[in-house]
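These protein sequence lines are chains A and B, in that order.
According to numbering that gives the first Met the number 0, the residues represented by the first sequence are 0 to 245, in order.
According to numbering that gives the first Met the number 0, the residues represented by the second sequence are 0 to 245, in order.
Quick reminder that beta carbons are idealized off the backbone N, C-alpha and C, glycines included.
Beneath this line is the structure, given in structure tokens, with notes to follow.
2 protein chains.
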Amino acid sequence: MTSTRYLDIAEKLAVEIAGSAPGTRVSSEPELAARFGVGRAAARSALQELERRLLVRRVRGAGTFVNRRIDYVISHSRPPSWHATVEAAGATPRSQIKSVDRLPLPAGRAAHLDRPAGALMHRVVRTFYIDDLPASWIEEWIPVEVAPDLDLALHSVESIDLVLRQMGRVAPVRAWCRASVDLPPPEVLRGLGIEASVPVWLVDSVSRDARTGQVLMASSAWTRADAVRVVVELSDTVYPEEKTCG
Amino acid sequence: MTSTRYLDIAEKLAVEIAGSAPGTRVSSEPELAARFGVGRAAARSALQELERRLLVRRVRGAGTFVNRRIDYVISHSRPPSWHATVEAAGATPRSQIKSVDRLPLPAGRAAHLDRPAGALMHRVVRTFYIDDLPASWIEEWIPVEVAPDLDLALHSVESIDLVLRQMGRVAPVRAWCRASVDLPPPEVLRGLGIEASVPVWLVDSVSRDARTGQVLMASSAWTRADAVRVVVELSDTVYPEEKTCG
DNA sequence: GAGCATTTGTCCGTATGTATT
DNA sequence: CAATACATACGGACAAATGCT
Numbered sequence: 000m001t002s003t004r005y006l007d008i009a010e011k012l013a014v015e016i017a018g019s020a021p022g023t024r025v026s027s028e029p030e031l032a033a034r035f036g037v038g039r040a041a042a043r044s045a046l047q048e049l050e051r052r053l054l055v056r057r058v059r060g061a062g063t064f065v066n067r068r069i070d071y072v073i074s075h076s077r078p079p080s081w082h083a084t085v086e087a088a089g090a091t092p093r094s095q096i097k098s099v100d101r102l103p104l105p106a107g108r109a110a111h112l113d114r115p116a117g118a119l120m121h122r123v124v125r126t127f128y129i130d131d132l133p134a135s136w137i138e139e140w141i142p143v144e145v146a147p148d149l150d151l152a153l154h155s156v157e158s159i160d161l162v163l164r165q166m167g168r169v170a171p172v173r174a175w176c177r178a179s180v181d182l183p184p185p186e187v188l189r190g191l192g193i194e195a196s197v198p199v200w201l202v203d204s205v206s207r208d209a210r211t212g213q214v215l216m217a218s219s220a221w222t223r224a225d226a227v228r229v230v231v232e233l234s235d236t237v238y239p240e241e242k243t244c245g
Numbered sequence: 000m001t002s003t004r005y006l007d008i009a010e011k012l013a014v015e016i017a018g019s020a021p022g023t024r025v026s027s028e029p030e031l032a033a034r035f036g037v038g039r040a041a042a043r044s045a046l047q048e049l050e051r052r053l054l055v056r057r058v059r060g061a062g063t064f065v066n067r068r069i070d071y072v073i074s075h076s077r078p079p080s081w082h083a084t085v086e087a088a089g090a091t092p093r094s095q096i097k098s099v100d101r102l103p104l105p106a107g108r109a110a111h112l113d114r115p116a117g118a119l120m121h122r123v124v125r126t127f128y129i130d131d132l133p134a135s136w137i138e139e140w141i142p143v144e145v146a147p148d149l150d151l152a153l154h155s156v157e158s159i160d161l162v163l164r165q166m167g168r169v170a171p172v173r174a175w176c177r178a179s180v181d182l183p184p185p186e187v188l189r190g191l192g193i194e195a196s197v198p199v200w201l202v203d204s205v206s207r208d209a210r211t212g213q214v215l216m217a218s219s220a221w222t223r224a225d226a227v228r229v230v231v232e233l234s235d236t237v238y239p240e241e242k243t244c245g
């Protein structure tokens, strides 16, 4: 005997919720315990297994709900847009500026920003939401000379991209990026409303001006893997025949 | 009072094991329960928290051990090599061919392989190990005309890359790839020795001949996130000034 | 190979804390 | 405030895998 009844229950529930809309309520632990004739511990384990599979989201005091997971594709061929991506998935996007500071560039950032450590930078921290749930925490570093009054402008305009285009007269494009799954620092954990450890994406990016190639921004985005399925795509290489210019 | 003693214990242990070598034994559940004056449940929760953080690996009947996690960088600038990557991290790599078949190309694969569905292909399934632990499960599809006797050659030579270079007279390079974190099918879960759900990378790749651009191979690699930290790097864009030819 | 102690995995019942509704 | 639901924790029990004798 395998004596893993909680996995059997999880399997049954996984099939049942496969056809349910995101946000649908899942039976509570006591309900499942009664239905399957097990203790609350086994029912709880089954729901936790579904949570590990990113199929449900559990909220203390509220219940267990079918999870929504959004695809976010990173590639050179498509410009990054949180709002467009979330809306395309049928959910409601929202972003909020947590802080805007002027700080000297930390040494760890200098390599990506083409500027010496200590140079004066704007540091913007934002949180991105899906259906009012914090899903992504982003820290962005922008040289002050690119847009000297960025901090003031962000009081009226929310989009950094827009401000840079208008005030900085530049066209930011994602030039480089590195994605992985990591353990976030405590500040980020709090910002994302995470208590125990769940997988979180870390995407480091550098934006350049499309015309001059000047570095405009370096950012680190921490994104909950249970809310967003990040997909990184390396574009197809050009064949040698097409690469040679002459 | 926040009665989360297990998180306090986990934090203490995390600091303690931070300086330990991979493979070092961690105290057992009963030992921790006695040491911190808690029940076995709390001690167990603490170790499970460390497991979620990918800091330890737990084996039933054996114990809890400090985990080793290897960086695997995917980018256009570096050729993929499991053995080199694992050895660079100070661990022992190993690979094993699970099966070699001749099968018609499934419809889902046709798009990446530049061949019609139903075309005859080699299908090679391999498992990659780190220190004798299964870490990666790879399915590779190669058109038979690229290397007609691939299946026979693999009896004596382990490396597909080598066989293609010698028999197929081609130079395979990674042309395209897409990486994310997903739920593996049951066959893969068994192959990786996974019971409950843990995060697993899925990396789909296409290799082409460096000279002709011909598609040589399409593969899907499932890799345990607790064993390998996959890092996908999008190379920096070329500036417009450099891109224009002539 | 058989037997044994150790260790983790599963499960029970019960109780209390805490957040949500 | 009350009811609900999840989070934590206790003690106890047995199963299953491992490693050693």
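Element boundaries [beta strand (DSSP E), containing residue i]
i, result
"Gln95 (chain A)", "Pro92 to Pro103"
"Leu119 (chain A)", "Leu119 to Ile129"
"Val180 (chain B)", "Pro171 to Asp181"
Contacts around residue i, its chain only, beta-carbon distance under 7 Å, and the 5 residues preceding and following it disregarded
i, result
"Arg164 (chain A)", "Ala170"
"Asn66 (chain A)", "Pro21, Leu53, Leu54, Val55, Arg56 and Asp225"
Outcome for residue i when other beta-carbon atoms lying within 10 angstroms are tallied against a minimum of 16
i, result
"Ala32 (chain A)", "buried"
"Ser204 (chain A)", "buried"
"Val14 (chain B)", "exposed"
"Leu161 (chain A)", "exposed"
"His121 (chain B)", "buried"
"Val231 (chain A)", "buried"
"Thr84 (chain B)", "buried"
"Val58 (chain A)", "exposed"
"Asp70 (chain A)", "exposed"
"Thr63 (chain B)", "buried"
"Ser206 (chain B)", "buried"
Other residues of its chain near residue i: CB distance less than 8 Å, five sequence neighbours each side excluded
i, result
"Glu86 (chain A)", "Pro92"
"Pro105 (chain B)", "Ala116"
"Asp148 (chain B)", "Met166"
"Glu157 (chain B)", "Ser94 and Ile96"
Range covered by the alpha helix (DSSP H) that runs through residue i
i, result
"His111 (chain A)", "Ala106 to Leu112"
"Gly212 (chain B)", "Run containing Gly212 (chain B): none; DSSP gives neither H nor E here."
"Arg189 (chain B)", "Pro185 to Gly190"
"Glu138 (chain B)", "Element bounds for Glu138 (chain B): not the alpha helix (DSSP H) but the beta strand (DSSP E), Leu132 to Pro142."
"Thr3 (chain B)", "From DSSP, Thr3 (chain B) is part of no alpha helix (DSSP H); its letter is neither H nor E."
"Val85 (chain B)", "Trp81 to Ala87"
As assigned by DSSP and simplified to three states, the class of residue i
i, result
"Ser44 (chain A)", "helix"
"Val230 (chain B)", "strand"
"Arg24 (chain A)", "strand"
"Ile73 (chain A)", "strand"
"Pro29 (chain B)", "helix"
"Leu161 (chain B)", "helix"
"Asp150 (chain A)", "helix"
"Ala13 (chain A)", "helix"
"Arg51 (chain A)", "helix"
"Gly245 (chain A)", "Only weak support exists for where Gly245 (chain A) lies, its pLDDT of 33 falling under 50; the coordinates are left without a value."
"Arg59 (chain B)", "coil"
"Val34 (chain B)", "Here residue 34 (chain B) is Arg; the residue named in the question, Val, does not match the sequence. Correct three-state label for Arg34 (chain B): helix."
"Arg207 (chain B)", "strand"
"Arg223 (chain A)", "strand"
beta-carbon residue i near the ligand ADP non-hydrogen atom, thresh 7 Å
i, result
"Leu163 (chain B)", "Only the bare structure without any ligand can be found here, which leaves the ligand ADP out of the picture."
6 Å Cβ shell around residue i - same chain, five flanking residues per side excluded
i, result
"Leu112 (chain A)", "Val214 and Ala217"
"Val187 (chain B)", "Trp136 and Trp221"
"Val99 (chain B)", "Val123, Asp150 and Leu153"
"Glu28 (chain A)", "Arg39, Ala42 and Arg43"
"Ser26 (chain B)", "none"
"Glu50 (chain B)", "Arg57"
"Ile129 (chain B)", "Val85, Ala90 and Ala226"
"Val145 (chain B)", "Gly167 and Leu215"
Original post:
Taking any Cβ of chain A, which residues in the region 18-37 of chain B have a Cβ under 8 Å from it, in chain order?
Top reply: none
Original post:
Any residues in the region 161-175 of chain A with a beta carbon nearer than 8 Å to a beta carbon of chain B? Which ones, in chain order?
Top reply: Val172, Arg173, Ala174 and Trp175
Subject >> Selection of the region 184-202 of chain A by Cβ proximity to chain B, strictly under 7 Å >> reply: Ala195, Ser196 and Pro198
Subject >> Members of the region 94-123 of chain B that neighbour chain A once the beta carbon cut-off is set at 8 Å >> reply: none
Original post:
Name the residues in the region 220-235 of chain A whose C-beta lies less than 9 Å from a C-beta of chain B; which are they?
Top reply: Ala224, Arg228, Val229, Val230, Val231, Glu232, Leu233, Ser234 and Asp235
Subject >> Interface positions of the region 131-153 of chain B facing chain A (Cβ-Cβ less than 8 Å), listed along the chain >> reply: none
**OP:** Quick one: which residues of the region 61-76 of chain B get their C-beta closer than 9 Å to a C-beta of chain A? List them in chain order.
**Re:** Asp70, Val72, Ile73, Ser74 and His75
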